[in-house]
Amino acid sequence: MSITPTEALVRCIEHREIFHDEMLSLWRKLMSGELTPVQIAGLTMGLRVKKETIGEIAAAAQIMREFATKVPVADQTNLVDIVGTGGDSSHTFNISTASMFVAAAAGARVAKHGGRSVSSSSGAADVLEAFGANINLGPDKVAQCLAETGIGFMFAPNHHAAMKHAAPVRKELGVRTIFNILGPLTNPAGAPNQLLGVFHPDLVGIQVRVLERLGSR
Numbered sequence: 000m001s002i003t004p005t006e007a008l009v010r011c012i013e014h015r016e017i018f019h020d021e022m023l024s025l026w027r028k029l030m031s032g033e034l035t036p037v038q039i040a041g042l043t044m045g046l047r048v049k050k051e052t053i054g055e056i057a058a059a060a061q062i063m064r065e066f067a068t069k070v071p072v073a074d075q076t077n078l079v080d081i082v083g084t085g086g087d088s089s090h091t092f093n094i095s096t097a098s099m100f101v102a103a104a105a106g107a108r109v110a111k112h113g114g115r116s117v118s119s120s121s122g123a124a125d126v127l128e129a130f131g132a133n134i135n136l137g138p139d140k141v142a143q144c145l146a147e148t149g150i151g152f153m154f155a156p157n158h159h160a161a162m163k164h165a166a167p168v169r170k171e172l173g174v175r176t177i178f179n180i181l182g183p184l185t186n187p188a189g190a191p192n193q194l195l196g197v198f199h200p201d202l203v204g205i206q207v208r209v210l211e212r213l214g215s216r
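Numbering (numbering that gives the first Met the number 0), first residue to last: 0 to 216.
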């Protein structure tokens, strides 16, 4: 079932949900470059004002996973991602990256998916670059690092090329959108276990339900 961007925006204005199949179709168009910047801005802000539902978030995450450049990890047993949504304006140090090293030292296999700073003083990519790490490894090299060290870092822009259609809009808007919520849900290595931080208490229960729908633990 499809829905036009205008119809979706009207739903948001009327505080009505965009159904799962409609969201799948709409988000596939967005990720394929079929929506204009104005349509993307209207849709993402409409969803934010209405408040994104579990079904809408899960559908959008499903499409982003579909378009992602995957990291080939044969054994996903005990594979974990430690990540936050960002956007909480706390201006903390990068807690999730520090946690990645602690968890890996304790024996966990951490497939961390992240980018540059959103609300903290530094993002995962910023921290790792400061350590001298190469954050631009290809999928096979990330898988090799994961196998050899227990840590594999996936720099989000390298694995979500389709986000190029939305990135300029996000930057120009300069406010939180559904994409802040989606980033942690779209791990390119398919990590089934997630330790996830969120930017608002109201989002905790929603993200738990979304993760359940996506098959995470």
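Glycine included, each C-beta is placed from N, C-alpha and C at the ideal position.
Are Ile62 and Trp26 touching if we call contact CB-CB under 7 Å? yes
Nearest-angstrom Cα distance between Gln193 and Gly122? 18 Å
When you compare the CB positions of Ala58 and Met0, do they come within less than 7 Å of one another, or not? no
Below 7 Å between beta carbons: does that hold for Leu145 and Ala110? yes
Do Asn186 and Asp80 count as a contact pair if the criterion is CB distance below 7 Å? yes
What is the residue span of the beta strand (DSSP E) that Met0 lies within? Note, Met0: premise wrong, no beta strand (DSSP E); not H, not E.
7 Å is my cut-off, CB to CB: does Ala146 come that close to chain C? Among the chains in the structure shown there is no chain C, since it carries only a single protein chain.
Rounded straight-line distance, which links the Cα of Val174 to that of Met44: 9 Å
Endpoints, the alpha helix (DSSP H) within which Gln206 is located: 201–212
Please report how far the alpha carbon of Pro36 lies from the alpha carbon of Arg169, in whole angstroms. 10 Å
Closest residue to Ala60 among Gly182, Ala188, Ala165, Lys28 (Cα-Cα distance): Gly182
Have a look at Ala7, Phe66, Glu6 and flag the residue whose alpha-carbon is nearest the alpha-carbon of Lys163. Phe66
Based on the DSSP output, what are the partners of Gly196 in its beta bridges? Gly83
Taking a contact to mean a Cβ-Cβ separation below 7 Å, would you say Val197 touches Val203 in this structure? yes
Should Ile141 go down as buried or exposed, given a rule of 16 or more other Cβ atoms within 10 Å for buried? The identity of residue 141 in the sequence shown is Val, whereas the question assumes Ile. Val141 is buried by the Cβ-count criterion.
What did DSSP end up calling Phe152 once you bin it into helix, strand or coil? strand
What does DSSP give as the partner residues of Val109 in its beta bridges? Val79, Ile150
On the DSSP letters alone, give me the boundaries of the alpha helix (DSSP H) that Phe130 sits inside. Note, Phe130: premise wrong, no alpha helix (DSSP H); not H, not E.
When you compare the CB positions of Val126 and Thr96, do they come within less than 7 Å of one another, or not? yes
CA-CA distance, Ala124 and Ile12? 37 Å
Rounded to a whole number of angstroms, what is the C-alpha to C-alpha distance between Asn133 and Ile150? 13 Å
Endpoints, the alpha helix (DSSP H) within which Asp74 is located: Neither: Asp74 is in no alpha helix (DSSP H) and is coded neither H nor E.
Quick one: give me the first and last residue of the alpha helix (DSSP H) that Ala57 is part of. 53–66
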